[in-house]
Amino acid sequence: MEQKNYDVIIAGAGPAGTTAATLLAQYGHSVLLIERDQHPRFHIGESMLPMSESVMKRLGVAWGEGNLKKGGAEFIDEVSGRHTYFPFQGKYRTFQVERSVFDKRLFDNAIEHGVIAKQQEQVMAVICSESHVQLDTDKAHYQGRYFIDAMGRDALMGKKLSSIDKIKNLGKFALYQHYKLAETEVSKELFAHGNIKTLLSDIGWVWCIPLTFERLSVGLGISTKQLPDINYS
Ligand SMILES: Cc1cc2nc3c(=O)[nH]c(=O)nc-3n(C[C@H](O)[C@H](O)[C@H](O)COP(=O)(O)OP(=O)(O)OC[C@H]3O[C@@H](n4cnc5c(N)ncnc54)[C@H](O)[C@@H]3O)c2cc1C
């Protein structure tokens, strides 16, 4: 019969959930990890910082495999023309990671460490009492001693307990796309150095992140407060 009681139940198998799951399993706790989607699944957020490497070592993940080494970060102010470059030359390396592959690797690694993992199962409700946590998904009921909400921006518990708040009138949104076989002068330079290039303009910023197989992640972050008023009539 399937086990329904765990030391820790974690909802959300992105980097936060899978990292917490593996570390807890390494300490000998029984862990249930529940993910709504199915890995590999698309996620934005490919450009990592060097401090991630020590975490990857603790998790036992060879994160360099199949990922482009990140040389550094370049910022170019399109208005003033100022250019700043931060090379990553310290003790730790870092990479541009394709999140579908990276997140699946972390997920598989958690299972290899003894974590019980469910996919395509959505957490619907969490009820906390002094002695335990009762968790209902769209498929089953589970009980745990502790619960971790790693559901990213969905933040079921954060919303329920009103411990997170949207920043009112933040006025930012992003559009992004992956491009295959990009062959411009800029992309060739990016693939050679592995840098992230960020272009700053008066309405926001554009990021260009080189990925493996000559693909680029290009995104536009816009501050709506800086947009000129548009008359649609
Ligand atoms: C436009 C944009 C660009 C970004 N660029 C970068 C970048 O370049 N570098 C960087 O480091 N970060 C970047 N980030 C941030 C990065 O995406 C996040 O910090 C990171 O994904 C957070 O990881 P997480 O594990 O907390 O959440 P997530 O990766 O979002 O994982 C949460 C998981 O929970 C699951 N889930 C949600 N609800 C439920 C439920 N009810 N039941 C079960 N499962 C559920 C989801 O399916 C998901 O798999 C960017 C973010 C945005 C919006």
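Using the numbering used here, the letters of the sequence shown map in sequence onto residues 73 to 305. All C-beta atoms in this analysis are idealised placements derived from N, C-alpha and C, irrespective of residue type, glycine included. From a predicted model like this one, the values you see are computed outputs, not experimental measurements.
key: Pairwise C-alpha distance: L242 and A264   = Numbered from 1 along the sequence shown, position 192 holds the residue referred to as residue 264. Numbered from 1 along the sequence shown, position 170 holds the residue referred to as residue 242. If you take the alpha carbons of A264 and L242, they lie about 36 Å apart.
ask   = Buried or exposed: G224, going by 16 or more other Cβ atoms within 10 Å of its Cβ?
value = The residue you call residue 224 lines up with position 152 of the sequence shown. Looking at its Cβ environment, which holds fewer than 16 other Cβ atoms inside 10 Å, G224 is exposed.
query = Would you say H101 touches ligand 1, meaning its beta carbon is less than 7 Å from a heavy atom?
reply = If you number the sequence shown from 1, residue 101 lands on position 29. Answer for H101: no, Cβ out of range of ligand 1.
ask   = Looking at C-beta atoms only, is the number of pairs between the region 277–294 and the region 134–141 that lie closer than 8 Å three or more?
value = The region 277–294 is in contact with the region 134–141.
query = Taking the alpha-carbon positions, what's the G162 to G266 distance?
reply = The residue you call residue 162 lines up with position 90 of the sequence shown. The residue you call residue 266 lines up with position 194 of the sequence shown. So the two alpha carbons sit approximately 16 Å from each other.
inquiry  = Let me check you understand the geometry: is the CB of V127 closer than 7 Å to at least one non-hydrogen atom of ligand 1?
reply    = Counting from 1 along the sequence shown, the entry for residue 127 is found at position 55. No - ligand 1 has no heavy atom lying nearer than 7 Å to the Cβ of V127.
task = Would you list the residues sitting across from D226 in a DSSP beta bridge?
result = Here the question's residue 226 lines up with position 154 in the sequence shown. In the DSSP output, where bridge partners are listed per residue, D226 has none listed.
request  = State the DSSP-derived secondary structure class of G89, mapped to helix, strand or coil.
outcome  = As a first step, residue 89 is located in the sequence shown; it is residue number 17 there, counting from the start. Note: G89 maps to helix in three-state DSSP.
ask   = Do D109 and ligand 3 come close, with the Cβ less than 7 Å from some heavy atom?
value = The ligand content of the structure shown is limited to ligand 1, which means ligand 3 is not among them.
query = So, is the C-beta of S203 closer than 8 Å to a C-beta in chain D?
reply = Considering every chain present, this structure includes no chain D. It has just one protein chain.
ask   = By Cβ distance, which residues of its chain are closer than 8 Å to V127, with the 5 residues on each side in sequence left out?
value = Taking the sequence shown and counting its residues from 1, one reaches residue 127 at position 55. Excluding sequence positions up to five before and after V127, its CB lies within less than 8 Å of the CB of T91, all in the same chain and listed in chain order.
key: Beta-carbon proximity check, I81 vs F219, cutoff 8 Å   = For the purposes of this step, residue 81 is identified with residue 9 of the sequence shown, where counting begins at 1. For the purposes of this step, residue 219 is identified with residue 147 of the sequence shown, where counting begins at 1. Cβ distance < 8 Å, so I81 and F219 count as in contact.
ask   = Heavy atom of ligand 1 less than 7 Å from the Cβ of R225, yes or no?
value = Indexing the sequence shown from 1 puts residue 225 at position 153. Yes, ligand 1 has a heavy atom inside 7 Å of this Cβ.
task = Check whether the Cβ of L228 lies closer than 7 Å to any heavy atom of ligand 1, and answer yes or no.
result = Within the sequence shown, numbered from 1, the residue matching residue 228 stands at position 156. Checking the Cβ of L228 against ligand 1 gives yes.
ask   = ligand 1 heavy atoms versus the CB of S259: any closer than 7 Å?
value = The residue labelled residue 259 in the question sits at position 187 within the sequence shown. Not one heavy atom of ligand 1 sits closer than 7 Å to the Cβ of S259.
inquiry  = If you reduce the DSSP assignment to three classes, tell me which class H111 lands in.
reply    = In the sequence shown, the residue the question calls residue 111 occupies position 39. Of the three classes helix, strand and coil, the one that applies to H111 here is coil, per DSSP.
query = Ordered along the chain, which non-local residues of its own chain (more than five positions away) have a Cβ less than 6 Å from that of K244?
reply = Here residue 244 refers to the residue found at position 172 of the sequence shown. Taken in chain order, the residues that qualify are S295.
query = With respect to the beta strand (DSSP E) encompassing G217, which residues constitute its N-terminal and C-terminal limits?
reply = As a first step, residue 217 is located in the sequence shown; it is residue number 145 there, counting from the start. The amino acid occupying residue 217 in the given sequence is Arg; Gly does not appear at that position. Run containing R217: 213–221, per the beta strand (DSSP E) assignment.
request  = Return the CA-CA distance between Y124 and A212, expressed in angstroms with no decimal places.
outcome  = Reading the sequence shown from its first residue, position 52 is the one you call residue 124. Reading the sequence shown from its first residue, position 140 is the one you call residue 212. Residue 124 is actually Ser in this sequence, not Tyr. So the alpha carbons of these two residues sit roughly 34 Å apart.
ask   = Do P122 and T166 have their CB atoms nearer than 8 Å?
value = Here residue 122 is taken as the residue at index 50 of the sequence shown, counted from 1. Here residue 166 is taken as the residue at index 94 of the sequence shown, counted from 1. Yes; because the gap between Cβ atoms is below 8 Å, this pair is in contact.
Burial state of L247, where buried means 16 or more other Cβ atoms lie within 10 Å = Walking along the sequence shown from the start, residue 247 turns up at place 175. Exposed.
ask   = Any idea if R177 is buried or exposed, counting beta-carbon neighbours within 10 angstroms, 16 or more meaning buried?
value = Along the sequence shown, read from residue 1 onward, the residue named residue 177 stands at position 105. Under this definition R177 is a buried residue.
query = With contact counted as at least three CB pairs below 8 Å, one residue from each stretch, are the region 144–160 and the region 89–107 in contact?
reply = no
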